[in-house]
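Written below as structure tokens is the structure these notes are about.
The following block contains the structure:
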């Protein structure tokens, strides 16, 4: 600014400083919430008040800085240092959090070399059209029957259900055959699950495997997972990513009257320009030969017409994923740029554009004479519930209401078409009960018919329309790509035609982030919680619950501050109750692994817990006697309580043991009939009786942590001893060749098992303990995390895996 006069320079400095300060205020302090930017247009007219406020702030702010120009210039260094420090302080927590779960894709890129190379004899291709909805396809076929000619040899599986409502869950499930239930950070799950993926197995068997997801972070990354995963960075992608980061930063920090400029009709302003600029500058070819396409699917169609070939010497597996017909709806059926209305009609028109693009690719396969040698799937990851398109009528079925919202229903209706090797003839429609989860077992059945299928599910081409089948679907709302876990997921089961709302039933199971396996389900029937009272201890103290030894309420709960504290449990009924306490340990800056709790009623020791993480600790009031005031007074002894000042992690002198954030009092709803057997796999009856300490159920078993409990009432009561038998195997590692498992029933030790292998383990429950309500607590001696001992990335602390429980009266 040396060319300016001193006076103008002073005002220029004030203006630039004012804009920088307002940018920081807008991004860090105001930061209006416009929802997750999923491609749906922002209704700017609904935010007029924000526009007025932003305009007043920026106008007044700039005028203030110009009027204070001389003061600003004198204190420029201090102002700049203050802004920089404030920004660093606000960014530091995000930086530290990001370091906990570094996504693997940052160290890899996806090469496009050989993208359109196919094998003359054997190919498998999956084309994923994001958010293509099944009933929209039905409407297109009804309006334009000529589209059927595009899909010669295909079977459309009309009665198909999604596995997930959004992409982040759906793509890994499709490629790996595994369910994600918020039981570990999603990026950790991707790294583990892709060891079992289709592309990984085929790569090991010598195939050329290429993955092209719409977003890098939705697959696992390792050079063993796909042929086109390489250990370096993609400069063009980096340029685009840098451009998008600049777009987002400018969007956040700009006043509302500038935000639409940076958003650029959901195409962003800088992102594409930086990618195109990189291509021009890095290419050795003339710039005019490098074409930058408006939409990735146009690049795909151009390459299908120009460079698709049968030159690969290896059989090929290709996964192509395109953000169409996902919003924004920006193409017409002629594949020309034209903004479509944001309603069902616009969704349908954009879906037709997607079919046109697929048709061009199919014609390319036919032209190179490899169409018959290709097992081809055209599908979507989910339906378009986000756009509120509704759901068309079920074919040939009366419309009946069901236990599902229209948005949830629409998202669960994906497109699924499949063509076998060598298939010919007109397109067929099947109403067999299919799921997107059937794609991996179908491919495995076609490639390895003599092997045991490594994937759960059905072979699509062997499904019968009259087959009775229960399918599974998890619904969640998209909340951005940066979270370490997915939002809470709600489970549905589907029995009947997917188009009919009456076929969808909510199971009552949900999977919140860091899901611990708590369910309420027995023998396929939902068992809702019957909660009598809930007390919250965040920033408040419900009167008369926490007695001696507790500190004052804080934002995350209330800390114990003595070695012994007391708590009051209201007991207005004579029935045995289930008590759930949300507890977190004080770990003294990580030097303590857990806090021991000895739970007493008077002089009687009721339970012994090791609180090693924030979790619900559950027990029953069996054997406890409410006093005349209809209450139970419990004492929690905390022998490991320590003050932060004593362990060098702060100046706080309180003897901190555990933090309590919630207490729930419930009726016990689950019953067990002696003489029956309960299995512990996913969806089995034992889920209803699971208390504390269980991880999410797997196909045939369920892991415990260091302690786990079962809580239920007996459907039949006799004055006889009970025999408890458990089929389980221990988690063994390094020097741990057996696990010692203590079994407590209603607080009394009844058995100790030395568990060194898979087998049946037995305990006798004396008749005086075999009360109407049973609480069985298993304490495992040496639980450990596979991640801690270096055998996998699984962070769960594992004790024993339980398969089956039998409970019967002694003869």
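In the working numbering, the protein residues as written are 19 to 829. Ideal Cβ placement from N, Cα and C applies to all residues, glycine included.
Run through DSSP, which three-state label would residue 159 get? DSSP, read as helix, strand or coil, puts residue 159 in helix.
Thinking just about the alpha-carbon of each residue, which of 802, 760 and 798 is nearest to the one in residue 782? By alpha-carbon distance to residue 782, the top candidate from 802, 760 and 798 is 760.
Residues near residue 743 in its chain [Cβ-Cβ closer than 6 angstroms; skip 5 each side]: Cβ neighbours of residue 743 beyond the five flanking positions: 778, 780 and 824.
Compare the beta carbon distance of residue 346 and residue 371 with 8 angstroms and say whether it is the shorter of the two. Between residue 346 and residue 371, the CB-CB gap reaches or exceeds 8 angstroms.
For residue 383, which of 437, 355 and 403 has the nearest alpha-carbon? Of the listed residues, the one whose Cα sits closest to residue 383 is 437.
Grouping DSSP H, G and I as helix and E and B as strand, with all else coil, what is residue 95? Looking at residue 95 - three-state DSSP - the assignment turns out to be helix.
Could you give the distance in angstroms between the alpha-carbon of residue 816 and the alpha-carbon of residue 803? Roughly 6 angstroms between the two C-alpha positions.
Spatial neighbours of residue 68 within its chain, please: C-beta separation below 6 angstroms, excluding the five flanking residues on both sides. Here residue 68 has 50 and 274 as same chain residues with Cβ atoms under 6 angstroms from its own Cβ, once five neighbours each way along the sequence are excluded.
Is residue 200 near residue 454, with beta carbons less than 8 angstroms apart? No, these two residues do not count as a Cβ contact at 8 angstroms.
If we require 3 or more residues per run, which beta strand (DSSP E) segments fall completely within the segment 726 to 777? For the segment 726 to 777, the full-length beta strand (DSSP E) segments reaching 3 residues or more read 740 to 748, 757 to 763 and 766 to 773 along the chain.
Counting pairs of beta carbons, one from the segment 173 to 180 and one from the segment 781 to 799, are three or more of them closer than 8 angstroms? Segments in contact, no.
Compute the Euclidean distance between the alpha carbons of residue 406 and residue 205, then round it to the nearest angstrom. Looking at the two C-alpha atoms, the distance is approximately 30 angstroms.
Would you please state the rounded distance, in angstroms, between the beta carbons of residue 828 and residue 738? I believe it to be under 8 angstroms. Taking 8 angstroms as the upper bound for CB-CB distance, residue 828 and residue 738 are in contact here, some 6 angstroms apart.
If I follow the unbroken alpha helix (DSSP H) through residue 166, where does it start and stop? Element bounds for residue 166: n/a, residue is neither H nor E.
Using CA coordinates, which residue listed in 396, 100 and 576 is at the minimum distance from residue 604? Measuring C-alpha to C-alpha distances from residue 604 to each of 396, 100 and 576 identifies 576 as the nearest.
Can you grab the Cα-Cα spacing for the pair residue 301 / residue 131, in whole Å? With a pLDDT of 43 at residue 301, under the threshold of 50, the modelled position of this residue cannot be trusted, and the question is left open.
So, for residue 265: in the same chain, excluding its five sequence neighbours on each side, which residues have a beta-carbon less than 7 angstroms away from its beta-carbon? Excluding positions up to five away in sequence, the list reads 280, 286, 287, 288 and 289.
Should the segment 424 to 434 be called in touch with the segment 458 to 469, which here means at least 3 C-beta pairs below 8 angstroms? In short, these stretches do not touch, since the Cβ pair count stays below three.
Compute the distance between the beta-carbons of residue 340 and residue 318, then report whether it is under 8 angstroms. Their beta carbons are under 8 angstroms apart, which means residue 340 touches residue 318 by this criterion.
Closest Cα partner of residue 790 within the set 617, 595, 267 and 494: Relative to residue 790, the option among 617, 595, 267 and 494 whose CA is nearest is 595.
Apart from the five residues on each side of it in sequence, which residues of its chain come closer than 6 angstroms, Cβ to Cβ, to residue 60? Result list for residue 60: 52, in chain order.
Put residue 600 into one of helix, strand or coil per three-state DSSP. In the three-state scheme derived from DSSP, where H, G and I count as helix and E and B as strand, residue 600 is classed as strand.
Best match in 599, 493, 767 and 336 for proximity to residue 134 [C-alpha to C-alpha]: Answer by Cα proximity: 336.
Within the same chain, show all residues whose beta-carbon is closer than 7 angstroms to that of residue 236, passing over the 5 residues directly before and after it, in chain order. Excluding residues within five positions, the ones whose Cβ falls inside 7 angstroms are 185, 186, 189 and 190.
Secondary structure at residue 263, three-state DSSP: helix, strand or coil? In the structure shown, the three-state DSSP call for residue 263 is helix.
Rounded separation between residue 554 and residue 767 - CA only: Distance between residue 554 and residue 767, taken at the CA atoms: about 32 angstroms.
Is the Cβ of residue 34 closer than 8 angstroms to any Cβ of chain C? Chain labels in this structure do not include chain C; a single protein chain is all it has.
Specify the secondary structure class of residue 219 as computed by DSSP and reduced to three states. Three-state result, residue 219: helix.
Own chain residues within Cβ distance below 8 angstroms of residue 248, not counting five before or after: In its chain, beyond the 5 residues on either side, 126, 127, 128, 129 and 241 have a beta carbon closer than 8 angstroms to the beta carbon of residue 248.
Taking only the alpha-carbon atoms, compute the straight-line gap between residue 411 and residue 517 and give it to the nearest angstrom. About 7 angstroms.
Within the same chain, show all residues whose beta-carbon is closer than 7 angstroms to that of residue 304, passing over the 5 residues directly before and after it, in chain order. Since pLDDT at residue 304 reaches only 39, below the 50 mark, its modelled position is unreliable, and the value read off the structure follows with that caveat. Excluding sequence neighbours, residue 304 sits near nothing in its chain.
In chain order, each beta strand (DSSP E) run of at least 3 residues that lies wholly inside the segment 368 to 420: Counting whole runs of 3 or more residues, the segment 368 to 420 contains the beta strand (DSSP E) stretches 392 to 397.
Since I believe residue 699 is in contact with residue 714 (beta carbons under 8 angstroms), could you give me their beta-carbon distance rounded to a whole number of angstroms? No, residue 714 and residue 699 are not in contact; Cβ-Cβ is about 11 angstroms, not under 8 angstroms.
Report buried or exposed for residue 552, applying the criterion of at least 16 other Cβ atoms within 10 angstroms of its Cβ. Label assigned to residue 552: exposed.
To the nearest angstrom, how far is it from the Cα of residue 299 to the Cα of residue 314? Interpretation of residue 299 is limited by its pLDDT of 48, a score under 50 that renders its predicted location unreliable; no figure is taken from the coordinates.
Report the three-state DSSP secondary structure of residue 190 (helix, strand or coil). In this structure, residue 190 counts as helix in the three-state DSSP scheme.
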